[in-house]
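Chemist: Take this structure, written in structure tokens, and hold onto it; I'll ask about it next.
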Amino acid sequence: MEYSYSVVPIPTSPLLQAHVDKYASLRLLALRTNPECFFSTQDEEGRFSREQWRGRIDTDDRVTLIAVASRLLADSSPESSSSSSFANTSVSLDSLDGEAAEWVGLITVLTPEFLKERRDNIPPKFQKYAMCFGEPANVLVSMWVHPEHRRKGLGGRLISEAIDWVKKRTVTTKNFDVSNGRLGGAVVLEVVKGNTGAGMLYRAMGFETIDSEDASIWMGKRLDNLPYL
Ligand SMILES: CC(C)(COP(=O)(O)OP(=O)(O)OC[C@H]1O[C@@H](n2cnc3c(N)ncnc32)[C@H](O)[C@@H]1OP(=O)(O)O)[C@@H](O)C(=O)NCCC(=O)NCCS
Numbered sequence: 001m002e003y004s005y006s007v008v009p010i011p012t013s014p015l016l017q018a019h020v021d022k023y024a025s026l027r028l029l030a031l032r033t034n035p036e037c038f039f040s041t042q043d044e045e046g047r048f049s050r051e052q053w054r055g056r057i058d059t060d061d062r063v064t065l066i067a068v069a070s071r072l073l074a075d076s077s078p079e080s081s082s083s084s085s086f087a088n089t090s091v092s093l094d095s096l097d098g099e100a101a102e103w104v105g106l107i108t109v110l111t112p113e114f115l116k117e118r119r120d121n122i123p124p125k126f127q128k129y130a131m132c133f134g135e136p137a138n139v140l141v142s143m144w145v146h147p148e149h150r151r152k153g154l155g156g157r158l159i160s161e162a163i164d165w166v167k168k169r170t171v172t173t174k175n176f177d178v179s180n181g182r183l184g185g186a187v188v189l190e191v192v193k194g195n196t197g198a199g200m201l202y203r204a205m206g207f208e209t210i211d212s213e214d215a216s217i218w219m220g221k222r223l224d225n226l227p228y229l
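In full-length UniProt numbering, the protein residues as written are 1 to 229.
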């Protein structure tokens, strides 16, 4: 089966209940399929109410990007390529809904504002890395790709689209410290020790180890300086 892949944020205005339900199913599938890669569990999040799931995405200080796989019609020509392709990024999640499309991966960005405003309701470790390389950090969490769609570049695509989202938001909100007429920023993430596949992907994407804890490694990447608009 050949697929075209797209990575798009879940839109919040308006936020569709169907998207909330699909997001909850995908996240629980990730926790069920790869419990060894996450600090949360299917038991814990399986008890979330619909409002809790909705609250996770109905906000502008965090975003979840979804990887959508759209089945391509079979090409019978002998020259047809066996590799999958990536679609244009400017599509909407709605336009991708349909029987031939499936949600197969996700990543969530917690912005510096999210970390600041919800200080009392999130694990203290997130606060510890709220600054990285002297820059306000965005924490990337919940990264997962369905096993049938791995090693096709989708994990890398989720990371780079998340970083693009952060850069665009940085310019739009101008919430970062401005020095020398430029904006900065960083992204950080936590990897369970022993998850070498994910670690290799992050290193290939330019992340470096910033700290090591008992069960996990924290990695970070300074964003390229952005012109102050
Ligand atoms: C980690 C994960 C998201 C990677 O997704 P993916 O779509 O397979 O990643 P990509 O195809 O973009 O991989 C790009 C490169 O990363 C490295 N890589 C990715 N997975 C790897 C693995 N299991 N072993 C070794 N290298 C790996 C390779 O260099 C790969 O390039 P290659 O396929 O040309 O060799 C996916 O394996 C996954 O969901 N794992 C379970 C959940 C998880 O670990 N989440 C991360 C929590 S921090």
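All residues carry an ideal CB built from backbone N, CA and C; glycine is no exception.
Give a yes or no on whether the C-beta atoms belonging to Leu140 and Val187 are separated by under 8 Å.
Modeler: yes
Chemist: Please classify Pro35 as buried or exposed, where buried requires at least 16 neighbouring CB atoms within 10 angstroms.
Modeler: Taking every protein chain shown into account, the CB of Pro35 has fewer than 16 other CB atoms within 10 angstroms, so this residue is exposed.
Chemist: Taking 7 Å as the cut-off, is the C-beta of Thr64 nearer than that to any heavy atom in ligand 2?
Modeler: Ligand 2 is absent from the structure shown, which contains only ligand 1.
Chemist: Report the partner residues of Gly105 according to the DSSP bridge assignment.
Modeler: Its beta-bridge partners are Ala67, Val145.
Chemist: Measuring only the C-alpha atoms, how far is Arg32 from Trp144?
Modeler: 11 Å
Chemist: Take every Cβ of the segment 49-59, pair it with every Cβ of the segment 1-18, and state whether three or more of those distances are shorter than 8 Å.
Modeler: Yes: at least three Cβ pairs fall under 8 Å.
Chemist: Residue range of the alpha helix (DSSP H) that Asp166 falls in?
Modeler: According to the sequence as given, residue 166 is Val; it is not Asp. In the DSSP assignment, Val166 falls within the unbroken alpha helix (DSSP H) covering 154-173.
Chemist: Would you say Trp103 and Leu28 are within 8 Å of each other, going by their C-beta atoms?
Modeler: no
Chemist: Expressed to the nearest angstrom, what Euclidean distance is found between the alpha-carbon atoms of Val166 and Val68?
Modeler: 20 Å
Chemist: Is Met200 buried or exposed, if buried means 16 or more other CB atoms sit within 10 Å of its CB?
Modeler: exposed
Chemist: Would you mind stating whether Leu158 and Leu65 have Cβ atoms separated by less than 8 Å?
Modeler: yes
Chemist: If you measure from the CB of Lys221, is any heavy atom of ligand 1 nearer than 7 Å?
Modeler: no
Chemist: If I measure Cβ to Cβ from Gly206 and keep anything under 8 Å in the same chain, skipping five residues before and after, which residues do I get?
Modeler: Lys221
Chemist: May I have the straight-line CA-CA distance separating Gly185 from Gln127, to the nearest angstrom?
Modeler: If you draw a straight line from the Cα of Gly185 to the Cα of Gln127, it is about 16 Å long.
Chemist: Give a single yes or no on whether Ala130 has its beta carbon closer than 7 Å to a heavy atom of ligand 1.
Modeler: no
Chemist: My guess is that Ala24 and Ile107 are in contact by the Cβ rule of under 8 Å, so how many angstroms apart are they, rounded?
Modeler: No, Ala24 and Ile107 are not in contact; Cβ-Cβ is about 16 Å, not under 8 Å.
Chemist: So does Arg150 have its beta carbon nearer than 7 Å to some heavy atom of ligand 1?
Modeler: yes
Chemist: So is the beta-carbon of Ala198 under 7 Å away from any non-hydrogen atom of ligand 1?
Modeler: yes
Chemist: Look up Pro9 in the DSSP assignment and give the residues it is bridged to.
Modeler: Leu65
Chemist: Taking only the alpha-carbon atoms, compute the straight-line gap between Thr209 and Gly194 and give it to the nearest angstrom.
Modeler: 14 Å
Chemist: What are the start and end residues of the alpha helix (DSSP H) that includes Met200?
Modeler: In the DSSP assignment, Met200 falls within the alpha helix (DSSP H) that extends over 196-204.
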